[in-house]
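Residue numbers (this note's numbering): 310 to 448.
Using N, Cα and C, we set each Cβ at its ideal position, and we do this for glycine too.
Just below is one structure, and these are the notes that go with it.
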């Protein structure tokens, strides 16, 4: 994020501006150590049912999973169906991709969020059974 003079060329001062390349590099440098720390504190990857990442873009998600040495079958990706839904990406993954399992039983999940403002965070959480609504898709 950069402050710009009111008459400067480029994005308006009151508009959200993101440098995609810088954010991509930041994410690939910052999130894998976050994953490692979360898994270390949680006893290792084998104890988790799934690893849910903010759905920024599919290319980045595949790289994060590979760089973090996570089993790809436990890293759901749904950005191809819904796009980047901002703060709703992880709840949407939970209800859409894991909904049936979460409605009927418990799951231990590692959740990883990152995004605007160069912010990031993770949580190791066991949830379920949950009352999850089914995803409604308008076409």
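Per-residue burial, residue 434 [other beta carbons within 10 Å of its own, 16 or more giving buried]: exposed
Residues near residue 401 by beta carbon distance below 8 Å, same chain, minus five either side: 364, 387, 391, 394, 444
Status (buried if at least 16 other CB within 10 Å, exposed otherwise) for residue 431: buried
Minimum Cβ-Cβ distance from residue 408 to chain D less than 8 Å: Looking at the structure shown, chain D is missing, and only one protein chain is on hand.
Minimum C-alpha distance to residue 446 - residue among 327, 340, 405: 405
CB contact flag (residue 438, residue 413, <8 Å): yes
Outcome for residue 337 when other beta-carbon atoms lying within 10 angstroms are tallied against a minimum of 16: exposed
Span of the alpha helix (DSSP H), counted from its first residue to its last, around residue 416: It is not in any alpha helix (DSSP H) - residue 416 instead sits in the beta strand (DSSP E) that spans 416-424.
Proximity of residue 417 and residue 362 at Cβ, strictly below 8 Å: no
Distance, residue 331 Cα to residue 376 Cα: 18 Å
Beta-carbon spacing of residue 367, residue 389 below 8 Å: yes
Buried versus exposed, by CB contacts within 10 Å (16 or more), residue 324: exposed
Cross-strand partners of residue 428 (DSSP beta bridge): 424
Beta-carbon proximity of residue 340 to residue 427, cut-off 8 Å: no
Start-to-end residues for the beta strand (DSSP E) that takes in residue 359: 359-362
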